[in-house]
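To start, the structure under review is shown below, and the notes come after it.
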Amino acid sequence: MPTDTALDTDTLLTWFAEHGRDLPWRRPDCTPWGVLVSEIMLQQTPVARVVPLWEEWLDRWPRPSALAAASQGEVLRAWGKLGYPRRALRLHAAAAAIARDHDDVVPADVDTLLALPGIGAYTARAVAAFAYGRRAPVVDTNVRRVVARAVHGAGDAGRPSTTRDMADVEALLPAEESRAARLSAALMELGALVCTARGPRCADCPVYDSCAWQRAGRPAYEGPAKPVQRYGGTDRHVRGLLLDVLRGTSDPVPKERLDVVWSRAGQRDRCLDSLLVDGLVEQTADGRFALPGEHR
DNA sequence: TAGGCGTGGAC
DNA sequence: TGTCCAAGCCT
1 MPTDTALDTD TLLTWFAEHG RDLPWRRPDC TPWGVLVSEI MLQQTPVARV VPLWEEWLDR
61 WPRPSALAAA SQGEVLRAWG KLGYPRRALR LHAAAAAIAR DHDDVVPADV DTLLALPGIG
121 AYTARAVAAF AYGRRAPVVD TNVRRVVARA VHGAGDAGRP STTRDMADVE ALLPAEESRA
181 ARLSAALMEL GALVCTARGP RCADCPVYDS CAWQRAGRPA YEGPAKPVQR YGGTDRHVRG
241 LLLDVLRGTS DPVPKERLDV VWSRAGQRDR CLDSLLVDGL VEQTADGRFA LPGEHR
């Protein structure tokens, strides 16, 4: 007789059909392009902050070629304070590649998606699954946590290993394509709504009865401590302050306008240099600074 | 592969 | 307040 119970994926699918959120990029009329934009925006960013910006972007740039026709500066300004603005530049570049090389149609093939800028192991499979109904292991932080608990009986996921993590999820996926795609969404949704990092709501969990973490008595996480991400006073902080100045003006600004945002000159200059290197800022012929692509 | 890369809300 | 966290990617 079996010593453990396989995760009840049928029940999870039923729960998702009833309790999954009605997010705009999940609606039947959403295009693959809409799904791709949502996935990039959602990287390390909460759903609530993405929704309004996603609506704005899809209205303004309904196809990859439309975004590709915009300047980098326009795109960065439209990205606003969503965070990690290099994502906007990479999405812009991906849109140009899709328009040029793929007839303005977002690819459905994982390897083709992986070749595009800003699209990694997670996003490529998320687009294949959610935009095209493909069977692909979609592994994000939610899924890693759900698998760690419900399958392995651990308190949380350890350090990521793309190969091992995808194999874990692959083993859970049903054979049928669209069903597998829905299970991937359901695993993520369970992690986002129920099997959360802090304060998991096990009493509301659809797979409580087949959860290995429950059977193990809900042991605490025992792996290596996760590194703390500081922000205040870091280069990321200063880069954010510098970019905020440039987003707020239509004309190039002299360096003095940037110098006032941070008192430590060495760090300030290093950050401005790194923004230039990253292509997030450009210098005009007369030495002023601006978002890229608008003042050549 | 470990660390850099924005931002703001929740507790 | 400070800490943790949020659908990762790139080097």
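Throughout the first sequence, residue numbering follows UniProt numbering, covering 1 to 296 in sequence. Note that CB positions come from ideal geometry on N, CA and C, so glycine has one too.
Coil, strand or helix - residue i by DSSP
{"i": "Gln214", "result": "helix"}
{"i": "Gln283", "result": "strand"}
{"i": "Val253", "result": "strand"}
{"i": "Cys30", "result": "coil"}
{"i": "Tyr208", "result": "helix"}
{"i": "Gly260", "result": "In the sequence as displayed, the identity of residue 260 is Val instead of Gly. Of the three classes helix, strand and coil, the one that applies to Val260 here is coil, per DSSP."}
{"i": "Leu7", "result": "coil"}
{"i": "Gly232", "result": "coil"}
{"i": "Gln44", "result": "coil"}
{"i": "Glu222", "result": "coil"}
{"i": "Tyr84", "result": "coil"}
{"i": "Ala180", "result": "helix"}
Cβ neighbours of residue i in the same chain (closer than 7 Å, five flanking residues each side left out)
{"i": "Val207", "result": "Leu7, Asp8, Thr11, Leu12, Ala150"}
{"i": "Ala96", "result": "Ala68"}
{"i": "Thr284", "result": "Pro252, Ala290, His295"}
{"i": "Pro24", "result": "Cys30, Val51, Trp54, Glu55"}
Residue i versus residue j: straight-line alpha-carbon distance, rounded
{"i": "Val146", "j": "Pro137", "result": "14 Å"}
{"i": "Gly80", "j": "Leu58", "result": "15 Å"}
{"i": "residue 309", "j": "Leu276", "result": "The structure shown has nothing for residue 309, since the chain only spans 1 to 296."}
{"i": "Glu222", "j": "Pro160", "result": "15 Å"}
{"i": "Asn142", "j": "Lys255", "result": "43 Å"}
{"i": "Arg257", "j": "Val245", "result": "8 Å"}
{"i": "Ala181", "j": "Gly133", "result": "5 Å"}
{"i": "Arg135", "j": "Ala186", "result": "13 Å"}
{"i": "Ala148", "j": "Arg218", "result": "11 Å"}
{"i": "Gly240", "j": "Arg26", "result": "31 Å"}
{"i": "Asp101", "j": "Thr45", "result": "29 Å"}
{"i": "Gly199", "j": "Asp109", "result": "37 Å"}
{"i": "Ala220", "j": "Ala131", "result": "36 Å"}
Beta-ladder partner(s) of residue i, from DSSP
{"i": "Thr290", "result": "One point to set straight first is that residue 290 is Ala, not Thr, in the sequence displayed. Bridge partners of Ala290: Glu282."}
Whole-number beta carbon distance between residue j and residue i, since they are thought to touch under 8 Å
{"i": "Ala124", "j": "Leu114", "result": "5 Å"}
{"i": "Arg60", "j": "Leu82", "result": "No, Arg60 and Leu82 are not in contact; Cβ-Cβ is about 15 Å, not under 8 Å."}
{"i": "Leu291", "j": "Val261", "result": "With 8 Å as the limit, Leu291 and Val261 do not qualify as a contact, their Cβ atoms being about 15 Å apart."}
{"i": "Ala154", "j": "Arg144", "result": "About 11 Å; that fails the 8 Å criterion."}
{"i": "Val139", "j": "Val169", "result": "5 Å"}
{"i": "Val106", "j": "Pro32", "result": "4 Å"}
{"i": "Val37", "j": "Leu91", "result": "7 Å"}
{"i": "Ser65", "j": "Gly293", "result": "That pair is no contact at about 17 Å."}
{"i": "Leu272", "j": "Pro85", "result": "At roughly 15 Å, the Cβ-Cβ gap does not stay under 8 Å, so Leu272 and Pro85 are not in contact."}
{"i": "Gln214", "j": "Asp235", "result": "The Cβ separation is near 43 Å, so there is no contact."}
Cβ-based neighbour list, residue i, same chain, cut-off 8 Å, excluding 5 preceding and 5 following
{"i": "Arg87", "result": "Ile40, Met41, Gln43, Trp79, Gly118"}
{"i": "Gly20", "result": "Arg26, Ala185, Ala186, Glu189"}
Neighbourhood of residue i by C-beta distance below 6 Å, restricted to the same chain and skipping five residues each side
{"i": "Tyr231", "result": "His237"}
{"i": "Met166", "result": "Pro137, Val139"}
{"i": "Arg201", "result": "Val194"}
Contact test: residue i Cβ vs the ligand ZN heavy atom, cutoff 6 Å
{"i": "Thr234", "result": "Judged by which ligands are present, the structure shown has none, so any question about the ligand ZN falls away."}
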